[in-house]
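Asks: Here you go, one structure.
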Amino acid sequence: MPHETSTVTALEPFQVLSKILDFANEDQRDWWQSTGPMFAKILKDAGYNIHAQYSYLCLHHKCVVPYLGPYPANGRDRWMSILSRFGLPYELSLNCSNSVVRFAFEPIGPLSGTEQDPFNAHIIWECLGKLAKLGSEVDLQWFAQFKKDLVLDAEETMFVRDNGLDKGQVKTQNKLGVDLKGGKFEVKMYIYPYLKSVATGIPIEQLMFDSVRRVDWERKLHGPLSILEDYINSHKDKTLSARLISCDLIDPSRSRIKIYVAEQTVDWLHLEDLWTLGYRRQDPITISGLQLLRELWDLLNIPEGPCHFPDGGYLELNSKVNERLPLLANYTLHPNDPYPAPQVYFHTFGVGDAAVADAVATFCARRGWAEMAQTYKDNLFSYYPDGDTNEMNHLQSLVSFSYRDQKAYLSVYLHSFETGGWRKSWSSEAIQEHL
Numbered sequence: 017m018p019h020e021t022s023t024v025t026a027l028e029p030f031q032v033l034s035k036i037l038d039f040a041n042e043d044q045r046d047w048w049q050s051t052g053p054m055f056a057k058i059l060k061d062a063g064y065n066i067h068a069q070y071s072y073l074c075l076h077h078k079c080v081v082p083y084l085g086p087y088p089a090n091g092r093d094r095w096m097s098i099l100s101r102f103g104l105p106y107e108l109s110l111n112c113s114n115s116v117v118r119f120a121f122e123p124i125g126p127l128s129g130t131e132q133d134p135f136n137a138h139i140i141w142e143c144l145g146k147l148a149k150l151g152s153e154v155d156l157q158w159f160a161q162f163k164k165d166l167v168l169d170a171e172e173t174m175f176v177r178d179n180g181l182d183k184g185q186v187k188t189q190n191k192l193g194v195d196l197k198g199g200k201f202e203v204k205m206y207i208y209p210y211l212k213s214v215a216t217g218i219p220i221e222q223l224m225f226d227s228v229r230r231v232d233w234e235r236k237l238h239g240p241l242s243i244l245e246d247y248i249n250s251h252k253d254k255t256l257s258a259r260l261i262s263c264d265l266i267d268p269s270r271s272r273i274k275i276y277v278a279e280q281t282v283d284w285l286h287l288e289d290l291w292t293l294g295y296r297r298q299d300p301i302t303i304s305g306l307q308l309l310r311e312l313w314d315l316l317n318i319p320e321g322p323c324h325f326p327d328g329g330y331l332e333l334n335s336k337v338n339e340r341l342p343l344l345a346n347y348t349l350h351p352n353d354p355y356p357a358p359q360v361y362f363h364t365f366g367v368g369d370a371a372v373a374d375a376v377a378t379f380c381a382r383r384g385w386a387e388m389a390q391t392y393k394d395n396l397f398s399y400y401p402d403g404d405t406n407e408m409n410h411l412q413s414l415v416s417f418s419y420r421d422q423k424a425y426l427s428v429y430l431h432s433f434e435t436g437g438w439r440k441s442w443s444s445e446a447i448q449e450h451l
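Mapped onto this note's numbering, the consecutive letters of the sequence shown carry residue numbers 17 to 451.
The structure is reproduced here in structure tokens:
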């Protein structure tokens, strides 16, 4: 007689794997228990089949959890990542238009933040090696060039450290993103050239433009890159600044390069300027996207006014959030598009999560994404069943929007720490056991 599994007692993939998998240390076990419940449930909520759920959870165990560093607790030294205002190195996101799950993380190793690797430049190679063994399409050609151009070398590292030029500054230099599609995964790199700029005296934007030209030796991106360079340089004395660069770690012929900027004045006029590249883009697709962007802006009701990234410091875990952050935008450089293609990001960190979720759901409903519209808010709060839905304002850190091929794309970037009701960082016992 064949074995049968009762539907009442059947375990979910995360529960099964939690019983089977081994962990190298307690920190890794804690990271699994902290991030796994939400990761597992968001995969299921987004419609991934059981095989994909197991596959991606195993990827998480093998290639992510070992690289998240010491488990965070207030009072415990750890590498602070730019990924989160709490300094957390891991973040899930959801593409609401296509129901695609993604995550970003900053690989952290035992030497990160020490004299041997004070600015966490090295462990990312080991992590990428693991990912490359599992993903046949991972290509590191452009990563190697961008890292050489935009991340501190050994001599620059000593110069910055010995002269205290990193004091009060964000120290993250590189991180990774992973898109989960069709049972496979695609890897992206993100590099922050701030410290490189400090060491060399070369502006961040110029470092990035020069590096793009080195990888674009066939000059296929010359047109859109020149337009973006002109736009950013025309705002040098204003409130817009270059931040980081990203690209897909696939065959360079198919990879997309994106350059990110921050805009400290949060209002519609500056948002419109970001979207149109200072009105350089006026084509029908751009204008159609602008109309939808206005709709999203009105729904989110982001407080207007000047906003700044705090200098250096991070928020304590579980502290109340009372800050507003700038607008962000990235521009994709593609040889088939004469203009850089915009994607804008609203910092909803610090805005009530219930109101943001309602805005996201309404926008989805108007686009005809019925299931996402109906389930988004309930799913969001199910990841934090012990939270007060009326008080939380930190679960949705960013909402992004882009428009291409006459279709809107909306993504939400989510706080991904101590999920599913599992808590450790706030307890005094957690701090004492690590002292």
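Note that CB positions come from ideal geometry on N, CA and C, so glycine has one too.
Give the DSSP-derived three-state secondary structure of Pro-219 in the structure shown.
Replies: Translated into positions along the sequence shown, residue 219 becomes position 203. Looking at Pro-219 - three-state DSSP - the assignment turns out to be coil, as it is neither helix nor strand.
Asks: Fully enclosed by the region 175-208, which beta strand (DSSP E) runs are 3 residues long or longer?
Replies: For the region 175-208, whole beta strand (DSSP E) runs of length 3 or above, ordered along the chain, are 190-197, 200-207.
Asks: State the DSSP-derived secondary structure class of Thr-23, mapped to helix, strand or coil.
Replies: Locating residue 23 in the sequence shown gives position 7, counting from the first residue. Residue placement at Thr-23 cannot be trusted, given a pLDDT of 49 that sits under 50; what the coordinates show is reported in the next sentence. Thr-23: coil per DSSP, three-state reduction.
Asks: Tell me whether the beta-carbon of Leu-312 lies closer than 9 Å to the beta-carbon of Val-415.
Replies: The sequence position of residue 312 within the sequence shown is 296, counting from 1. The sequence position of residue 415 within the sequence shown is 399, counting from 1. It is a contact, given that the beta carbons lie within the stated cut-off.
Asks: Could you tell me how far apart the beta carbons of Lys-204 and Asp-264 are, in whole angstroms, since I believe they sit closer than 8 Å?
Replies: As a working mapping, residue 204 is identified with position 188 in the sequence shown. As a working mapping, residue 264 is identified with position 248 in the sequence shown. Confirmed, Cβ separation roughly 5 Å.
Asks: Among Thr-216, Tyr-208, Pro-268, Asn-90, whose alpha-carbon lies nearest the alpha-carbon of Val-231?
Replies: Against the sequence shown, residue 231 aligns to sequence position 215. Considering only alpha carbons, the answer is Pro-268.
Asks: When burial is assigned at 16 or more other CB atoms within 10 Å of the CB, is Gly-52 buried or exposed?
Replies: Locating residue 52 in the sequence shown gives position 36, counting from the first residue. With 16 or more other Cβ atoms within 10 Å, it is buried.
Asks: Near Asp-46, which residues of its chain fall below 8 Å by C-beta distance, leaving aside the five closest residues on each side in sequence?
Replies: Here residue 46 refers to the residue found at position 30 of the sequence shown. Contacts found: Tyr-87, Lys-440.
Asks: What separation, rounded to the nearest whole angstrom, lies between the Cα atoms of Trp-233 and Arg-272?
Replies: Translated into positions along the sequence shown, residue 233 becomes position 217. Translated into positions along the sequence shown, residue 272 becomes position 256. Computed Cα separation, rounded: 15 Å.
Asks: So, using beta-carbon positions, are Ile-248 and Val-186 closer together than 9 Å?
Replies: Here residue 248 is taken as the residue at index 232 of the sequence shown, counted from 1. Here residue 186 is taken as the residue at index 170 of the sequence shown, counted from 1. No, Cβ-Cβ distance for Ile-248 and Val-186 is not below 9 Å.
Asks: Report the rounded CA-to-CA distance for Val-376 versus Asp-169, giving the unit in angstroms.
Replies: Within the sequence shown, residue 376 is the residue found at index 360, counting from 1. Within the sequence shown, residue 169 is the residue found at index 153, counting from 1. Using only the alpha carbons, I get a separation of about 42 Å.
Asks: Is it true that the CB of Thr-391 sits closer than 9 Å to the CB of Asp-61?
Replies: In the sequence shown, residue 61 corresponds to position 45, counting from 1. In the sequence shown, residue 391 corresponds to position 375, counting from 1. Against a cut-off of 9 Å, the Cβ pair of Thr-391 and Asp-61 comes out as a contact.
Asks: Count the other C-beta atoms from every protein chain shown that fall within 10 angstroms of the C-beta of Gln-44, then say buried if there are 16 or more, exposed otherwise.
Replies: Counting from 1 along the sequence shown, the entry for residue 44 is found at position 28. Gln-44 is buried by the Cβ-count criterion.
Asks: Using the Cα positions of Asp-402 and Met-174, report the straight-line distance between them to the nearest angstrom.
Replies: Position 386 of the sequence shown holds residue 402. Position 158 of the sequence shown holds residue 174. Cα to Cα, Asp-402 sits roughly 45 Å from Met-174.
Asks: Just the Cα atoms here: how many angstroms apart are Thr-302 and Val-372?
Replies: Looking up residue 302 in the sequence shown gives position 286. Looking up residue 372 in the sequence shown gives position 356. Rounded to the nearest angstrom, the two C-alpha atoms are 25 Å apart.
Asks: Pick helix, strand or coil for Gln-280, following the three-state DSSP scheme.
Replies: Along the sequence shown, read from residue 1 onward, the residue named residue 280 stands at position 264. Note: Gln-280 maps to coil in three-state DSSP.
Asks: Which residues in the same chain as Pro-82 place their Cβ atom closer than 7 Å to its Cβ, once the five residues preceding and following it in sequence are excluded?
Replies: Along the sequence shown, read from residue 1 onward, the residue named residue 82 stands at position 66. Taken in chain order, the residues that qualify are Ala-40, Gln-44.
Asks: Would you tell me roughly how many angstroms separate the C-alpha atoms of Gly-151 and Glu-202, rounded to the nearest one?
Replies: Taking the sequence shown and counting its residues from 1, the one referred to as residue 151 is at position 135. Taking the sequence shown and counting its residues from 1, the one referred to as residue 202 is at position 186. Computed Cα separation, rounded: 8 Å.
Asks: Whose C-alpha, out of Pro-105, Pro-358, Ala-345, Ala-357, is nearest the C-alpha of Gly-193?
Replies: Counting from one through the sequence shown, the residue named residue 193 turns up at place 177. Among Pro-105, Pro-358, Ala-345, Ala-357, the Cα nearest to that of Gly-193 belongs to Pro-105.
Asks: I'd like the list of long-range same chain contacts for Gly-366, defined as Cβ closer than 6 Å, with 5 residues on each side in sequence excluded.
Replies: Residue mapping note: residue 366 aligns to position 350 of the sequence shown, counting from 1. Here the set comprises Val-337, Glu-339, Arg-340, Asn-409.
Asks: Which one of Ser-432, Phe-417, Glu-434 has the shortest CA to CA distance from Asn-114?
Replies: Against the sequence shown, residue 114 aligns to sequence position 98. Of Ser-432, Phe-417, Glu-434, the residue nearest in Cα terms is Phe-417.
Asks: Suppose only complete runs of 3+ residues qualify. What are the beta strand (DSSP E) ranges in the region 340-367, listed by chain order?
Replies: Complete beta strand (DSSP E) runs here, min 3: 343-349, 357-363.
Asks: I need the straight-line Cα distance from Leu-260 to Ala-26, nearest angstrom please.
Replies: Counting from one through the sequence shown, the residue named residue 260 turns up at place 244. Counting from one through the sequence shown, the residue named residue 26 turns up at place 10. One C-alpha to the other measures close to 45 Å.
Asks: For a test of the three-state rule: what should DSSP assign to Arg-420, helix, strand or coil?
Replies: On the sequence shown, position 404 is the one that residue 420 refers to. Reduced to three states, the DSSP call for Arg-420 is strand.
Asks: For the 8 Å Cβ check, are there 3 or more pairs between the region 340-353 and the region 269-288?
Replies: Result yes; three or more Cβ-Cβ pairs closer than 8 Å.
Asks: Since Leu-181 contacts Val-154 with CB under 8 Å, what's their CB separation in whole angstroms?
Replies: Counted from its first residue, the sequence shown places residue 181 at position 165. Counted from its first residue, the sequence shown places residue 154 at position 138. Rounded, the Cβ-Cβ distance is 33 Å, inconsistent with contact.
Asks: At which residues does the beta strand (DSSP E) containing Leu-256 begin and terminate?
Replies: The sequence position of residue 256 within the sequence shown is 240, counting from 1. 256-264 is the span of the beta strand (DSSP E), which, as asked, contains Leu-256.
Asks: Looking at the strands, I want to know which residues DSSP matches up with Asp-133.
Replies: Start at 1 with the first residue of the sequence shown, and residue 133 comes out as number 117. In the DSSP output, where bridge partners are listed per residue, Asp-133 has Ser-128.
Asks: What first and last residue would you give for the beta strand (DSSP E) that runs through Val-154?
Replies: Start at 1 with the first residue of the sequence shown, and residue 154 comes out as number 138. From DSSP, Val-154 is part of no beta strand (DSSP E); its letter is neither H nor E.
Asks: Check Ala-389 in the structure and name its three-state DSSP category.
Replies: For this step, residue 389 is matched to residue 373 along the sequence shown. DSSP places Ala-389 in helix when its eight states are reduced to three.
Asks: Looking at the secondary structure, which residues open and close the beta strand (DSSP E) in which Leu-452 lies?
Replies: Residue 452 lies beyond the stretch modelled for the chain, which goes from 17 to 451, so this question has no answer here.
Asks: Using only CA atoms, which one of Ile-58, Tyr-419, Lys-423, Glu-279 lies nearest to Gly-431?
Replies: Taking the sequence shown and counting its residues from 1, the one referred to as residue 431 is at position 415. The sequence given here places His at residue 431; Gly does not occur at that position. Considering only alpha carbons, the answer is Ile-58.
Asks: Buried or exposed: Asn-179, going by 16 or more other Cβ atoms within 10 Å of its Cβ?
Replies: The residue given as residue 179 occupies position 163 in the sequence shown. Exposed: under 16 other Cβ atoms inside 10 Å.
Asks: Just to confirm, are Phe-135 and Tyr-330 a CB contact at a threshold of 9 Å?
Replies: Here residue 135 is taken as the residue at index 119 of the sequence shown, counted from 1. Here residue 330 is taken as the residue at index 314 of the sequence shown, counted from 1. No, these two residues do not count as a Cβ contact at 9 Å.
Asks: Spatial neighbours of Pro-356 within its chain, please: C-beta separation below 7 Å, excluding the five flanking residues on both sides.
Replies: Here residue 356 corresponds to residue number 340 of the sequence shown, with the count starting at 1. If we look at Pro-356 and ignore the five residues flanking it on each side, its Cβ neighbours are Pro-240, Ile-243, Leu-244, Leu-293, Tyr-347, Thr-348, Leu-349.
Asks: Within 10 Å of its beta-carbon, does Asn-190 have 16 or more other beta-carbons around it, so buried, or fewer, so exposed?
Replies: Numbered from its first residue, the sequence shown carries residue 190 at position 174. So Asn-190 counts as buried.
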